[in-house]
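Novice:
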Amino acid sequence: MKTELIGLIAGILTACSLIPQLVKTVREHNVDGVSPLIYVILMAGTGLWVYYGILRDDFPLIITNAFSFGLNVLILVLKIRYSR
2 MKTELIGLIA GILTACSLIP QLVKTVREHN VDGVSPLIYV ILMAGTGLWV YYGILRDDFP
62 LIITNAFSFG LNVLILVLKI RYSR
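For the sequence shown, the working numbering gives the first residue as 2, with consecutive numbering after it.
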């Protein structure tokens with residue numbers, strides 16, 4: 002149980018690292034400094050982590066990476082939307 006808790010906390014903190022960029026993008030509607038490639042790569046990575054977590058039946062791994070995946074998608078969608 003203790004190792005799962007550590008994994009969950011680590012995953013949450015890692016996923017939350019995307020929140021400042023998301024908040025800044027939503028507030029300013031400015032995506033000039035946002036590289037779409039990094040978010041595409043992060044989506045691929047977190048998507049694979051989710052799949053790996055499913056294969057291992059590892060709930061913390063699945064939840065935290067699914068959350069990260071969603072944030073990456075949202076930032077990429079905002080990049081596309083605000084670039085027009």
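C-beta atoms are modelled at their ideal positions from N, C-alpha and C, and glycine is treated no differently. Please read all numbers here as calculations on a predicted model, not as lab measurements.
1) Quick test of your reading: residue 41 and residue 70, contact by CB under 8 Å. State the CB separation rounded to the nearest angstrom.
2) Using the Cα positions of residue 13 and residue 48, report the straight-line distance between them to the nearest angstrom.
3) Going by the CB atoms, is the gap between residue 6 and residue 65 shorter than 8 Å?
4) Apart from the five residues just before and just after residue 46, which ones in its own chain have a Cβ nearer than 7 Å to its Cβ?
5) To the nearest angstrom, report how far apart residue 16 and residue 61 are at their CA atoms.
6) Under the three-state reduction of DSSP, which class applies to residue 18: helix, strand or coil?
Specialist: Walking through what the data contain:
1) Along the sequence shown, one-based indexing puts residue 41 at 40. Along the sequence shown, one-based indexing puts residue 70 at 69. The beta-carbon separation of residue 41 and residue 70, rounded to 12 Å, does not stay under the 8 Å limit for a contact.
2) To locate residue 13, count along the sequence shown from 1; it is residue 12. To locate residue 48, count along the sequence shown from 1; it is residue 47. Cα to Cα, residue 13 sits roughly 16 Å from residue 48.
3) Indexing the sequence shown from 1 puts residue 65 at position 64. Indexing the sequence shown from 1 puts residue 6 at position 5. Taking 8 Å as the Cβ cut-off, residue 65 and residue 6 do not qualify as a contacting pair.
4) Mapped onto the sequence shown, residue 46 falls at position 45. So no residue of the chain qualifies.
5) Working through the sequence shown from its first residue, we reach residue 16 at position 15. Working through the sequence shown from its first residue, we reach residue 61 at position 60. Rounded to the nearest angstrom, the two C-alpha atoms are 12 Å apart.
6) Reading the sequence shown from its first residue, position 17 is the one you call residue 18. Residue 18: coil per DSSP, three-state reduction.
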